[in-house]
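For reference, the structure discussed in these notes is given below.
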DNA sequence: CATGAATGAGGCTTCATTCAT
DNA sequence: AATGAATGAAGCCTCATTCAT
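Residue numbers (the UniProt record's numbering), protein chains in the order written: chain A, 1 to 202; chain B, 1 to 202; chain C, 1 to 202; chain D, 1 to 202.
What follows is the structure, encoded as structure tokens:
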């Protein structure tokens with residue numbers, strides 16, 4: 001069965017918003033890509049901005065759900081950072097369009113929509129903040145600038161959506177592992193259990 | 001003395017392109033911000049796209065010039081990375097608008113303009129590539145993914161333009177130092193001179 | 001029992017055409033007010049214009065019927081004018097929406113529909129013309145401009161639909177009586193039987 | 001010299017808004033009538049609604065100015081009513097388009113614009129209210145419903161804009177005189193100086 | 001009886017740009 | 001150096017209507 005029209009609109013929007021930007025994407029471009037008349041678009045969306053905000057919120061909600069699941073029951077802060085980075089990088093590598101939209105187009109939203117998106121983003125980043133804080137409290141991480149480091153690492157990982165290609169030499173697993181290592185290094189955590197002899201290691 | 005009109009156009013464009021994006025900035029917005037009529041803008045620019053490309057190229061040329069100067073005569077790869085990161089971060093912190101334009105709006109340029117900008121960007125990044133390659137060759141850096149690491153670090157540093165505020169707690173020097181340390185860690189170079197006994201350290 | 005859908009469409013159209021005008025009322029507005037989908041509207045009407053014309057014609061036909069009834073057997077021109085004015089005013093006061101539509105939206109009809117509505121309006125106004133002519137012929141009215149006076153009085157009475165509120169101080173009977181008096185005065189007929197002793201009067 | 005573009009826009013708007021209504025007039029219709037592209041219209045107006053509101057306000061301001069002038073120094077309430085009616089009728093006869101717009105399209109304005117127009121209309125109608133009140137106080141008029149009568153007379157006079165033709169049999173002076181007489185009759189003022197012997201007549 | 005899907009045409013407004021002055 | 005006037009194209013969105021289900 002052919003893809004439903006509503007799905008086609010969403011796909012087209014994701015692709016175009018990601019490649020040309022929100023303001024660079026016209027309603028006619030969307031219609032053409034979705035194989036609908038521009039009038040018909042409006043059966044499947046509110047305004048163009050609503051469509052954008054929906055894409056962003058869905059993407060962030062999925063990310064939060066996946067992060068919550070992957071962290072479930074994991075105590076060690078290093079492992080939590082590893083899992084967060086791995087998920088984050090994997091998501092940005094496999095869904096570069098959605099994530100680029102979230103990362104680049106927040107500022108075009110009107111205040112209300114922006115608030116709702118930022119709330120989700122903050123909810124997600126709190127998982128990072130908490131893992132880092134725990135690691136510092138446990139002496140597993142060493143950095144004098146946890147906040148700056150967190151945001152630096154996030155930006156680094158976000159960048160994946162801008163350059164990673166599945167046709168490159170790096171597999172998704174290798175990519176995730178490498179970034180996890182970069183993150184741990186940045187946080188001052190020796191990957192080989194540098195806290196042995198302290199509280200018993202992991 | 002009042003700022004010359006041409007300067008006002010440039011300043012307005014930098015601010016608006018950075019905050020609203022190229023497609024989100026209208027010629028009327030530019031005119032209003034430059035305190036000119038929209039017709040008068042065209043005494044100081046070619047097309048809107050020309051204005052964008054000029055901003056990008058100037059920014060990149062300045063960066064290349066500054067990088068070349070700061071690297072002049074410096075042999076040690078660690079020091080070169082430190083200086084590159086410091087300059088890069090400082091530039092992104094003090095000129096966040098110009099750098100964000102370079103980082104975000106390349107895709108709106110027409111092929112020709114895009115080529116000229118990308119050529120400059122590549123020229124600049126070669127300085128990073130070379131420093132890292134030298135460090136690896138000298139055994140000063142340890143990473144299995146130099147290319148990925150380079151781009152990851154660049155993205156991390158680019159991010160500074162998106163969040164750094166001079167009104168925050170971090171001074172420009174502290175910011176640069178912290179990022180330099182993150183970079184060295186990411187490249188596997190112990191900050192305290194891990195190659196002591198080799199070539200004498202820094 | 002719930003109001004039938006067809007009735008709801010008619011009521012919605014009357015209300016919306018009267019308050020927003022024909023061109024100011026969208027098919028979606030009608031659908032929403034009638035609690036139907038816009039497609040379903042078309043089970044109960046022809047085009048939007050047909051709906052408008054039907055409302056107008058029904059309103060005028062009702063008015064003609066009522067006027068004919070109330071004039072039945074009445075000979076005295078003053079009494080006929082009184083009854084016409086009273087009915088006209090009462091109709092405009094109790095059905096301000098329908099009458100405003102008739103008075104304001106004739107010009108949006110296409111030529112054919114317009115003709116049919118104007119024919120009914122003319123048929124109705126002939127009752128006024130005739131009463132006034134008879135009054136003049138009998139010396140009961142005195143005016144040098146019967147045609148102008150007729151139309152002036154009609155406009156005056158039409159206005160009732162624009163301002164009368166049942167929540168005001170004036171009852172419907174008082175309203176009718178006052179306008180009847182205004183009409184008789186305008187026609188030069190003393191309300192208290194000024195022609196007694198002439199041709200017998202009433 | 002050809003009519004300036006701005007003037008042409010105004011004229012076109014007056015004609016079209018009056019004959020087709022605001023919602024029945026498209027921006028393209030305006031452009032065609034003004035011999036401009038639809039984009040060029042926007043050099044001479046704000047929004048379409050601004051154009052409408054400007055027309056209304058100008059019309060009402062002119063009317064207020066003229067009414068104030070014509071009443072200047074006139075004490076007798078009958079004479080004031082005569083002058084108000086004459087001016088009102090003459091204005092509606094000679095500028096039927098502007099006045100019809102004022103009378104018919106107020107409801108399409110957004111709340112703010114509507115307020116400003118209604119304020120002017122009220123300012124004008126106060127002149128009527130005052131004249132009638134003075135006449136009642138002086139015993140020159142006799143009516144139990146001054147407010148209703150005022151609005152009835154106004155509606156009657158407004159109607160002139162809907163039907164009067166300069167090509168008809170009635171001159172402007174005759175028209176004004178006839179309506180003035182209708183108004184005085186409606187207010188219960190004998191035209192021949194019914195208050196002789198009271199305060200010395202007019 | 002009712003509607004979701006669909007659309008060509010058009011709604012109002014702004015776009016970037018040019019040119020005569 | 002500066003701008004008012006002008007515009008074709010395009011911006012986002014809604015219009016009234018049809019039709020298969």
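Positions of the beta carbon are idealized from the N, C-alpha and C atoms, including for glycine.
Item	Value
Within chain A, partners of residue 104 of chain B - CB distance below 8 Å	104
Minimum length 4: unbroken alpha helix (DSSP H) runs contained in the segment 21-63 of chain A	27-34 and 38-41
C-beta contact flag for residue 18 of chain D and residue 109 of chain D at 7 Å	no
Spatially closest choice to residue 154 of chain A from A/125, A/162 and A/97, by CA coordinates	A/125
For residue 55 of chain D and residue 123 of chain D, believed in contact at Cβ under 8 Å, the rounded distance	Not quite, the Cβ-Cβ distance comes to about 17 Å (not below 8 Å), so this is no contact.
Cα-Cα separation between residue 143 of chain A and residue 113 of chain A, rounded to whole angstroms	35 Å
Burial state of residue 186 of chain B, where buried means 16 or more other Cβ atoms lie within 10 Å	buried
Residue 3 of chain C classed as buried or exposed, judged by whether at least 16 other C-beta atoms fall within 10 angstroms	exposed
Span of the alpha helix (DSSP H), counted from its first residue to its last, around residue 141 of chain C	From DSSP, residue 141 of chain C is part of no alpha helix (DSSP H); its letter is neither H nor E.
Helix, strand or coil at residue 74 of chain B according to DSSP, with G and I counted as helix	coil
Endpoints, alpha helix (DSSP H) assigned at residue 108 of chain B	Premise fails: residue 108 of chain B is in no alpha helix (DSSP H) and is neither H nor E.
Alpha carbon of residue 58 of chain C to alpha carbon of residue 102 of chain C, nearest angstrom	10 Å
The alpha helix (DSSP H) enclosing residue 189 of chain A, as first and last residue numbers	That residue, residue 189 of chain A, is in no alpha helix (DSSP H); it is neither H nor E in DSSP.
Residue 90 of chain A, DSSP secondary structure in three states	helix
Under 9 Å by beta carbon: chain D residues contacting residue 155 of chain C	155, 156, 157, 158, 159, 160, 162 and 163
Closer than 8 Å at the beta carbon, the chain D residues around residue 92 of chain C	What residue 92 of chain C touches in chain D: nothing, since even the nearest Cβ is about 11 Å away.
Helix, strand or coil at residue 4 of chain C [DSSP, three-state]	coil
Distance between residue 32 of chain A and residue 99 of chain C (C-alpha atoms, nearest Å)	47 Å
Cα-Cα separation between residue 66 of chain A and residue 131 of chain A, rounded to whole angstroms	16 Å
Straight-line Cα distance separating residue 151 of chain C from residue 167 of chain D	17 Å
Whole-angstrom distance between residue 30 of chain D and residue 77 of chain C, CA atom to CA atom	49 Å
Interface residues of the segment 71-82 of chain A facing chain B [CB-CB below 8 Å]	none
Between the CA atoms of residue 27 of chain B and residue 207 of chain B - distance to the nearest angstrom	No statement about residue 207 of chain B is possible, as the shown extent of chain B runs from 1 to 202 and does not include it.
Rounded C-alpha distance that separates residue 90 of chain C from residue 60 of chain C	14 Å
Residues of its chain near residue 44 of chain C, where Cβ-Cβ distance is below 7 Å and the 5 sequence neighbours each way are ignored	5, 6 and 9
Through-space distance from residue 146 of chain D to residue 82 of chain C, alpha-carbon basis	20 Å
Exposure label - residue 48 of chain B; buried when at least 16 CB within 10 Å	buried
N-terminal and C-terminal residue of the alpha helix (DSSP H) that residue 162 of chain D is part of	160-163
Cutoff 7 Å; reference residue 134 of chain D; Cβ partners in own chain excluding five residues on either side	77
Interface flag, residue 182 of chain C vs chain D, CB-CB below 7 Å	yes
Interface flag, residue 32 of chain B vs chain A, CB-CB below 7 Å	no
Nearest-angstrom Cβ-Cβ length linking residue 34 of chain A and residue 12 of chain A, presumed shorter than 8 Å	4 Å
Short CB-CB distance (under 7 Å) between residue 118 of chain D and chain C	no
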